[in-house]
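For the sequence shown, my numbering assigns the number 1321 to the initial residue and increments by one for each residue that follows. In what follows, a structure is listed as structure tokens, so that the remarks can point back to it.
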Amino acid sequence: MDLLSPVTGELKAIESVDDEVFSAKILGDGVAISPMEQRITAPVAAEVTAVFPTGHAIGLRTKDGVEILLHLGVDTVELDGKFFQSKVKINQWVHAGDLLVEMDYSSIHEAGYDTDVMVIITNAAGKVIEKKSLLKKVNEATPILTIK
């Protein structure tokens, strides 16, 4: 199964994120994208399992049971929802490319927060995660991870 980038931006290693929870893979393995657009889209067809009230994180589960966390920015929970507009609800089924959240990444950056978008596989045990080449520009249609 391929996961597409949820946002246009620069793909980078999860280890480079300036937050140990992500860089040490405490929540799981994945990648980060430095966003260049406000649209955060579904990386794969999945059920929405969590929509954080602050809008900074979305949980997804594919029909095969793969659980994905999209975390928008570092420490952005502190913004208490400012600069995030969720477009989905829990239990909603989404398709790859569907709009999940609008994120005002410019204002988030101006407020002093890192805007990296993390795509984390939270239940990867027993699965192989292949990362596509990092440090390159991606768009919403670019495959970034393959899960086997």
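We put the CB at the ideal spot given by N, CA and C, even for glycine.
Rounded straight-line distance, which links the Cα of residue j to that of residue i
i: residue 1340; j: residue 1379; result: 20 Å
i: residue 1431; j: residue 1369; result: 29 Å
i: residue 1382; j: residue 1429; result: 31 Å
i: residue 1457; j: residue 1321; result: 21 Å
i: residue 1407; j: residue 1401; result: 13 Å
i: residue 1385; j: residue 1348; result: 15 Å
i: residue 1415; j: residue 1403; result: 24 Å
Buried versus exposed call for residue i [16 or more other C-beta atoms within 10 Å across all chains shown]
i: residue 1362; result: buried
i: residue 1453; result: exposed
i: residue 1398; result: exposed
Nearest residue (CA-CA) to residue i, options the options
i: residue 1332; options: 1351, 1443 and 1389; result: 1351
i: residue 1546; options: 1439, 1443, 1456 and 1421; result: Because the chain in this structure spans residues 1321 to 1468, residue 1546 falls outside the shown range and cannot be described.
i: residue 1337; options: 1443, 1437 and 1450; result: 1437
i: residue 1434; options: 1349, 1444 and 1354; result: 1354
Nearest-angstrom beta carbon gap, residue j and residue i [assumed within contact, 8 Å]
i: residue 1441; j: residue 1467; result: 7 Å
i: residue 1327; j: residue 1460; result: 7 Å
i: residue 1376; j: residue 1392; result: 5 Å
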